[in-house]
Amino acid sequence: MKFTVVVFPGSNCDHDAYHTAKHVLGQEAEFVWHKETTLKGADVVVLPGGFSHGDYLRTGAIARFSPIMTAVAQFAAAGGPVLGICNGFQILCEAGLLPGAMLRNRDLKFHCEHVGVRVDETDTPFTSLATKGQVLRIPIAHGEGNYFADADVIADLESSRRVIFRYCDSRGQTTDDANPNGSVNSIAGICSQGRNVVGLMPHPERACEPVLGSADGLVLFQSVLSQVAAHGEMRTAAS
Amino acid sequence: MKARVFVTLKPSVFDPQGQTIADALHSMGYAGIGDVRQGKYFELDVTAKSADQARTLASEVADKLLANPVIESYRVEIE
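Next up, the structure:
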């Protein structure tokens, strides 16, 4: 199974995602420069964290016009699993592949710390092996992760169960204290209408081995591995 | 021709930077300053045959790139 990691100028978690796919999961992994136009046979696409184009103008605002984003949109439209992590989530929002936008953190501080992240929905390719209500301890590292959308959009996200991850305390409670950036409804991650495009501000790829202080992020990658494997078998059976 | 584009957060969107600036001004003794909203200002050199055409072009790039309609609104001035 192949993970394709898109590299933008300023991406800095691309190697973390590659390492997780290649060395922790033992899968095929390849980088694709943002100027390229094909995803090189990807089964899963990762838009990594970082500061694409220096975060100039708005986070992700310039990266969304990179040539590779046409291929990413086509891959997403065809139902392919796409994971946007941190800056990757911001790019997906700017590209309109996920709704909403990021504001500056409410306290204007850059937060770099491990936080509690509750898995609220398990019917996405990246959470299928998690349990509902499971609390992951994974890091965040962002200055602009304060998720915002109009009240109508938030209501639609909630009613269609598209809020996948929420910031929480160690007991899984979504308190104001446990919300590091002021996101509406403690939203840490959401999915598309088709549920195959997932974006989140926390960094699961930085928490996939005990030596890193947490391996809680691994469940996202193991989930997509099992999902793609299952669908591959289904495709084979159908052909 | 010059186009000026002013991008601001929509009124419904909380502006923590503007709030921090307002708090600073109040602590400096400027009681006459109320709310502060921080925005962005762009000067575009535009090749166009008329002011209307320049305005259309500036609005198009503001819609596509300079402003994010989810959180921001903008206005254009042509010189």
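From first to last, the protein sequence lines are chains A and B.
In terms of this note's numbering, the first sequence is residues 491 to 729.
In terms of this note's numbering, the second sequence is residues 2 to 80.
We put the CB at the ideal spot given by N, CA and C, even for glycine.
In the three-state reduction of the DSSP assignment, A/Ser-682 falls in the coil class, being assigned neither a helical nor a strand state. With a cut-off of 8 Å on Cβ pairs, the region 63-70 of chain B is not in contact with the region 47-54 of chain B, counting fewer than three such pairs.
Excluding sequence positions up to five before and after A/Phe-498, its CB lies within less than 6 Å of the CB of His-524, Ser-542, Ala-553, all in the same chain and listed in chain order. Taking every protein chain shown into account, the CB of A/Ala-511 has 16 or more other CB atoms within 10 angstroms, so this residue is buried. In the three-state reduction of the DSSP assignment, A/Pro-629 falls in the strand class. At least 8 Å separates the beta-carbon of A/Leu-582 from that of A/Val-609.
Of the residues A/Ile-558, A/Pro-694, A/Phe-521, A/Glu-518, the one whose Cα lies closest to the Cα of A/Val-607 is A/Pro-694.
Relative to the Cα of B/Lys-41, the nearest Cα in the group B/Arg-5, B/Ile-79, B/Glu-80 belongs to B/Arg-5. Between the region 703-719 of chain A and the region 10-24 of chain B there are fewer than three inter-stretch CB-CB distances shorter than 8 Å, so the stretches are not counted as touching. Rounded to the nearest whole angstrom, the CA to CA distance from A/Gly-672 to A/Ala-639 is 12 Å.
Cβ-Cβ separation between A/Pro-571 and A/Phe-616: approximately 7 Å, consistent with a contact (criterion under 8 Å). The beta-bridge partner set that DSSP reports for B/Lys-3 consists of B/Asp-46.
Counting every other CB atom within 10 Å of its CB across the protein chains shown gives A/Asp-533 a total of 16 or more, marking it as buried. By the 16-neighbour rule on beta-carbons within 10 angstroms, A/Val-701 is exposed. Note that the C-beta distance between A/Glu-584 and A/Ala-563 is not below 8 Å.
Those residues of the region 60-76 of chain B placed with their C-beta closer than 8 Å to a C-beta in chain A are Leu-66, Leu-67, Asn-69, Val-71, Ile-72, ordered along the chain. Judged by beta-carbon spacing, A/Ala-561 lies within the 8 Å limit of A/Leu-529, meaning their Cβ atoms are closer than that value. Under the three-state reduction of DSSP output, A/Tyr-508 falls in the helix class. Residue state for A/Asn-636 is assigned as strand, using DSSP reduced to three classes. In this structure, DSSP gives A/Thr-528 a state outside helix and strand, which the three-state scheme calls coil. Residue burial is scored here from C-beta neighbours: A/Arg-548 has at least 16 other C-beta atoms within 10 angstroms and is therefore classed as buried. When beta bridges are read from the DSSP output, A/Met-592 appears opposite A/Tyr-637.
Residues of chain B whose Cβ lies closer than 8 Å to the Cβ of A/Arg-685 do not exist, since the nearest Cβ in that chain is about 21 Å away.
In the structure shown, B/Ala-32 adopts coil according to DSSP, grouped into three states. With 16 or more other CB atoms across the displayed protein chains lying within 10 angstroms of its CB, A/Glu-611 is buried.
When C-alpha distances from A/Met-691 are compared across A/Asp-646, A/Ser-704, A/His-632, A/Val-643, the shortest belongs to A/His-632. In the structure shown, A/Leu-598 adopts coil according to DSSP, grouped into three states. If you check each beta-carbon in the region 570-591 of chain A against every beta-carbon of chain B, the ones closer than 9 Å belong to Cys-583, Glu-584, Pro-589, Gly-590, Ala-591. The DSSP-derived three-state label of A/Gly-550 is coil. Assignment of A/Arg-696 by DSSP, reduced to helix, strand and coil, places it in the helix class. Classified as exposed, A/Leu-598 has fewer than 16 neighbouring CB atoms from the shown chains inside 10 Å of its CB. Here B/Lys-65 carries a helix assignment [DSSP, helix/strand/coil]. Taking 9 Å as the cut-off between beta carbons, the residues of the region 532-547 of chain A near chain B are Leu-547, in sequence order.
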